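Residue numbers (the working numbering): 393 to 817. C-beta: ideal position from N, C-alpha, C; glycine also. Here the structure is a predicted model, which means the values were calculated and not measured. Some notes on the structure that comes next.
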């Protein structure tokens with residue numbers, strides 16, 4: 393503490409004990425408004441020239457990373473010398489050395505990648521149902537810290553953020569409950585994010601809906617690529633009125649801007665399920681807005697790749713089935729089971745296909761998904777069926793599921809089990 397500033401921290405204790413008197417801090421205490429920024433500025437000065445090359449520091453949390461032991465020892469010496477130069481001391485009980493796995497700022501960091509801290513995730517999984525906008529903000533603040541691990545985060549949180557709007561009556565409906573449960577499940581099963589390899593090309597996968605855009609940064613062969621980071625944001629009111637092609641291009645623009653430190657100066661692929669974007673850049677007059685966005689992308693070296701819908705080999709089979717469309721706005725488990733029971737009462741393989749609609753696109757993060765019945769004669773003793781059953785945690789409502797396409801789900805009605813394969817439209 394600068395002696396000139398010490399009086400600003402003064403306080404008085406008035407008791408009958410020997411502790412009574414006027415006190416001033418000689419070192420920077422907790423609780424001062426400017427203390428974090430002041431301390432961070434100090435650490436940035438102390439480790440100037442080392443941050444981003446040999447270590448990272450956030451306040452009093454410093455992490456040193458290396459490829460091997462010899463390199464690590466050299467980096468430790470450099471950091472220790474810097475700390476000694478500024479007369480800063482370490483608390484040995486709070487330090488960890490030569491670890492293959494460390495917990496840092498709420499994350500588990502290993503040689504394989506980065507994942508959320510299970511202790512923090514546990515707090516999210518046990519978070520009670522919000523009863524007010526203030527509690528929704530607390531939940532979103534907690535889970536938002538790990539948004540880089542959650543695909544389509546902005547889209548999934550839309551039903552919750554809608555309750556935070558001004559002049560909106562707080563009403564917790566099934567729509568909010570689905571979003572709440574899906575977000576917790578997404579974080580619990582969050583993938584391990586790998587480290588970027590700048591010697592290999594990057595892949596940017598983008599998608600747009602009526603209310604959000606999302607992107608995934610990854611590396612590896614298309615279809616087998618491993619995620620490095622997720623990003624998403626909601627659309628504002630004017631953007632919500634854009635044409636489909638404009639929304640899809642907006643998603644690309646958002647992605648390259650978000651991942652610019654990885655992409656700028658490197659050749660990369662942009663994967664989209666919107667075919668017009670592949671030839672859009674050869675059109676002479678695509679429109680003023682698209683021209684402006686196209687010019688913003690000129691500084692990047694990229695290739696747009698069209699990726700077909702994930703129906704693949706199942707597309708033909710599904711397209712041949714008669715389709716029953718049901719609008720799902722106010723449905724519960726019993727109404728689902730009644731619908732399935734009324735539709736499929738025989739014991740032969742089911743030929744009908746059901747399109748499930750969700751206005752907020754929460755189901756598989758899509759507006760519409762296909763539930764293709766497999767068979768009522770599902771024999772759990774068959775090895776292939778055992779493998780499918782192993783994917784089921786428990787029988788649950790179809791709409792409340794947030795499963796990957798082409799997995800099997802079960803809905804039970806009394807002693808009968810109805811099995812459905814999921815696909816996204």
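The alpha helix (DSSP H) enclosing residue 467, as first and last residue numbers: Note, residue 467: alpha helix (DSSP H), 461-477.
Local Cβ density within 10 Å of residue 643, reported as buried at 16 or more and exposed below that: Buried is the call here.
Reduced DSSP secondary structure (H/G/I, E/B, other) of residue 508: If DSSP states are grouped into helix, strand and coil, residue 508 belongs with the strands.
Residue 699 versus residue 425: straight-line alpha-carbon distance, rounded: For residue 699 and residue 425, the distance between alpha carbons rounds to 50 angstroms.
Alpha-carbon to alpha-carbon, residue 533 and residue 510: Taking the Cα positions, residue 510 is about 17 angstroms away from residue 533.
Contact under 8 angstroms by Cβ, residue 660 with residue 595: Yes, these two residues count as a Cβ contact at 8 angstroms.
Where residue 544 falls, given that 16 or more other Cβ within 10 Å makes a residue buried: Its Cβ being crowded by 16 or more others within 10 Å, residue 544 is buried.
Uninterrupted alpha helix (DSSP H) stretches inside the segment 528-580 (no shorter than 4 residues): Complete alpha helix (DSSP H) runs here, min 4: 545-553 and 566-580.
Residue 578 classed as buried or exposed, judged by whether at least 16 other C-beta atoms fall within 10 angstroms: Taking all protein chains shown into account, residue 578 has 16 or more neighbouring C-beta atoms within 10 Å of its C-beta and is therefore buried.
Under 8 angstroms between C-beta atoms of residue 610 and residue 546: For residue 610 and residue 546, no; Cβs fall outside 8 angstroms.
Buried or exposed (CB count within 10 angstroms, at least 16 for buried), residue 604: Here residue 604 is buried. Its C-beta has 16 or more other C-beta atoms within 10 Å.
Coil, strand or helix - residue 432 by DSSP: In the structure shown, residue 432 sits in a helix (DSSP, three-state: H, G or I).
Cβ pair residue 490, residue 464 closer than 8 angstroms: Yes, the pair counts as a contact, with Cβ atoms nearer than the cut-off.
Residue 694 to residue 423 span [Cα, whole Å]: Separation of residue 694 and residue 423 (C-alpha to C-alpha, rounded to the nearest whole angstrom) is 48 angstroms.
The segment 639-657 contacting the segment 579-599, beta-carbon criterion three pairs below 8 angstroms: Cβ pair count under 8 angstroms is three or more, so yes.
Through-space distance from residue 583 to residue 641, alpha-carbon basis: The straight-line gap from Cα to Cα measures roughly 27 angstroms.
Contact belief for residue 562 with residue 524 at Cβ below 8 angstroms, rounded distance in angstroms: 6 angstroms between Cβ atoms; contact.
contact_flag[the segment 465-481, the segment 437-450] where n(CB pairs < 8 angstroms) is 3 or more: Verdict: yes, contact present.
Closest by C-alpha distance to residue 405, when choosing among 539, 415 and 397: Per the Cα distances, 415.
Residue 630, enclosing alpha helix (DSSP H) - first and last residue: DSSP places residue 630 in the uninterrupted alpha helix (DSSP H) bounded by 629-632.
Which of helix, strand or coil DSSP assigns to residue 695: The answer is strand: DSSP assigns residue 695 an E or B state.
Proximity to residue 618 [Cα-Cα], best of 632, 593, 559 and 631: Ranking the options by Cα distance to residue 618, first place goes to 593.
Residue from 413, 408, 417 and 410 with nearest C-alpha to residue 398: Considering only alpha carbons, the answer is 417.
Same chain, Cβ closer than 6 angstroms to residue 493, five either side skipped, listed in chain order: Closer than 6 angstroms at Cβ, skipping near neighbours: 502.
Sequence-distant residues of the same chain with beta carbon closer than 6 angstroms to residue 521, five excluded per side: Closer than 6 angstroms at Cβ, skipping near neighbours: no residue.
Buried or exposed (CB count within 10 angstroms, at least 16 for buried), residue 395: By the 10 Å Cβ count, residue 395 comes out exposed.
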